[in-house]
């Protein structure tokens, strides 16, 4: 029978279905975007795109496929979901299938293209099939092996309903690699009519490289996930950084006046400022909690009824309850107490609190909610900076110093592209230290010298890795190295102190290795290995010891294998 579908018929039909199809595709896009943007458990979707076929495309297809009716065409609407890694396809397919179960009129077909390989890809394909079968147990899943294309994909053909009318939609799920390859295949092989056999054969051979690249990406993802697990685990078991002292303006009078409460408060502060040894942490927290209870009981009995004292007492009670909950690892409870501390009614609105903001920032950072963390850190830093300018003092200077040191570490953990921010924070800490040396002890000096060398060294490494192209960029690399070298010379002096920890030796040996790579001088490598030997018996001074150990181990591995 002769095909008699005209261009005008295609135009009219396309005009009729375009609106409903666009609405159905937009609804699906909204659902997928909500899953991708879910803060608590985001669906690993990298990109989505959709289209309704153009009139020209539909018309040509009727000629190529010899359709008798426009109703026979099932791919007017196409939706594509892209993930970065093959393993992400499992969770994404589950999420998509849950939506389809609720929204579609009928599942017409499911096809898995080129998933019958051996190894990890085969396992992933099996998990994808099981996920679909779990939600659509009666649906037959067809396995299609197309050697001429080689790319993997998951295809759904469904009928969705809009205003009681059924419309076919084709949905494809694949990785970004596979999508690029599929597009190249259509451009090179499938849409150009007769194709030279050498092109077809070469395309097939190249498709095997795409499979290898996807497997390599799976492997790299696995390594990255393991590293992230170490980081998440170590952060989760990190308590609050240092102790923020209370300035005179917010410290309740009951802690300053002679009496029982002042004594208990002094004992409590000695307790929370004492070293937190992991093996004795439960005892440490219990002792602090008991003293805290004594103080709160004493406040209720002896507290001042003056309004200017009541808010200070309430602030202290909530802030310290937050601190103890934070120490225990009860992060949500800690946030509640810190928020109560921030919202304590006080006679003057200009009295702002930086410590609770900073602690909430720490907790959100531990929870992996980086944007929220940075918002609270910024609030704390702005408040502290303003107060420092208006009325500097010992407690405030020490707190500001500690805040900058912590923020340098926060930015460093976010990645080397934040190295300038990290360096800026530690430079601010250095300024405060230089201006107020009498407020700090020798331990603070050792820590600062180590941090300065470390962040300048990170700056050098990051600048060098960006592959300088012109003279100016090369000078920036050299300048970064010179600054790191200057700080290393200061660090060397502290290494003679028996109290110097393993962290400083780690920085020193890493600088020496980078210097060896830069100059080729074996003396640097020899010194790096010597620092490895000496540093292994030293104590790690860090609130995040697991992460410090992880970095330390990787450095030793690279140094000892260098030649």
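Numbering (our numbering), first residue to last: 163 to 725. From the three backbone atoms N, C-alpha and C, an ideal C-beta is built for every residue, glycine too.
Endpoints, the alpha helix (DSSP H) within which residue i is located
i           : result
residue 428 : 422 to 435
residue 684 : 684 to 697
residue 179 : 169 to 198
residue 669 : 664 to 681
residue 486 : 469 to 490
residue 565 : 556 to 575
residue 247 : Residue 247 -> no alpha helix (DSSP H), and no H or E assigned at all.
residue 518 : 517 to 528
residue 496 : 493 to 504
7 Å Cβ shell around residue i - same chain, five flanking residues per side excluded
i           : result
residue 198 : 204, 205, 207
residue 524 : 402, 403
residue 422 : 460
residue 265 : 322
residue 457 : 423, 426, 427, 430
residue 490 : 447
residue 175 : 232
residue 729 : Only positions 163 to 725 of the chain appear in this structure, which leaves residue 729 out of reach.
Exposure of residue i, with buried meaning 16 or more beta-carbon neighbours within 10 Å
i           : result
residue 562 : buried
residue 354 : In this prediction, residue 354 has a pLDDT of 48, which is less than 50 and means its spatial position is unreliable; what the coordinates show is noted afterwards. Flag for residue 354 reads exposed.
residue 181 : exposed
residue 306 : exposed
residue 685 : exposed
residue 678 : buried
residue 543 : buried
residue 665 : buried
residue 577 : exposed
residue 681 : exposed
residue 432 : exposed
residue 224 : buried
residue 436 : exposed
residue 267 : exposed
Rounded C-alpha distance that separates residue i from residue j
i           : j           : result
residue 301 : residue 202 : 32 Å
residue 668 : residue 625 : 21 Å
residue 325 : residue 185 : 11 Å
residue 629 : residue 485 : 45 Å
residue 724 : residue 451 : 50 Å
residue 650 : residue 513 : 42 Å
residue 163 : residue 215 : With a pLDDT of 46 at residue 163, under the threshold of 50, the modelled position of this residue cannot be trusted, and the question is left open.
residue 495 : residue 522 : 11 Å
residue 609 : residue 430 : 25 Å
residue 691 : residue 623 : 20 Å
residue 358 : residue 320 : At residue 358, the pLDDT of 49 sits below 50, so the modelled position is not reliable and the matter cannot be decided from this model.
residue 540 : residue 499 : 20 Å
residue 586 : residue 570 : 8 Å
residue 428 : residue 580 : 40 Å
residue 446 : residue 492 : 16 Å
residue 172 : residue 227 : 15 Å
residue 471 : residue 503 : 14 Å
residue 613 : residue 516 : 24 Å
residue 187 : residue 211 : 9 Å
residue 599 : residue 564 : 14 Å
residue 604 : residue 658 : 13 Å
residue 299 : residue 230 : 33 Å
residue 169 : residue 632 : 58 Å
residue 617 : residue 536 : 20 Å
Limits of the beta strand (DSSP E) - the one that residue i falls within
i           : result
residue 300 : Run containing residue 300: none; DSSP gives neither H nor E here.
residue 210 : 209 to 214
residue 266 : 266 to 275
residue 617 : Unbroken run through residue 617 is the alpha helix (DSSP H), 604 to 627; no beta strand (DSSP E).
residue 226 : Counting along the chain, residue 226 falls outside any beta strand (DSSP E), though it belongs to the alpha helix (DSSP H) covering 217 to 227.
residue 318 : 315 to 324
residue 330 : 327 to 337
Residues near residue i in its chain [Cβ-Cβ closer than 6 Å; skip 5 each side]
i           : result
residue 693 : 667, 670, 671
residue 642 : 621, 622, 625
residue 567 : 591
residue 638 : 625
residue 209 : 244
residue 318 : 272, 333
Spatial neighbours of residue i in its chain, beta-carbon cut-off 8 Å, leaving aside the 5 residues before and after
i           : result
residue 303 : 272, 273, 274, 291, 294, 295
residue 615 : 646, 649, 650, 652, 653, 669, 670, 673
residue 538 : 519, 520, 522, 523, 526
Any non-hydrogen atom of the ligand NAD within 6 Å of residue i CB
i           : result
residue 194 : With respect to the ligand NAD, the structure offers nothing, as it holds no ligand at all.
Query raised in the report: Can at least three beta-carbon pairs, one atom from the stretch 219 to 228 and one from the stretch 251 to 258, be found at a separation below 8 Å?
Result: no
Should the stretch 237 to 249 be regarded as contacting the stretch 327 to 334, the criterion being three or more beta carbon pairs within less than 8 Å? yes
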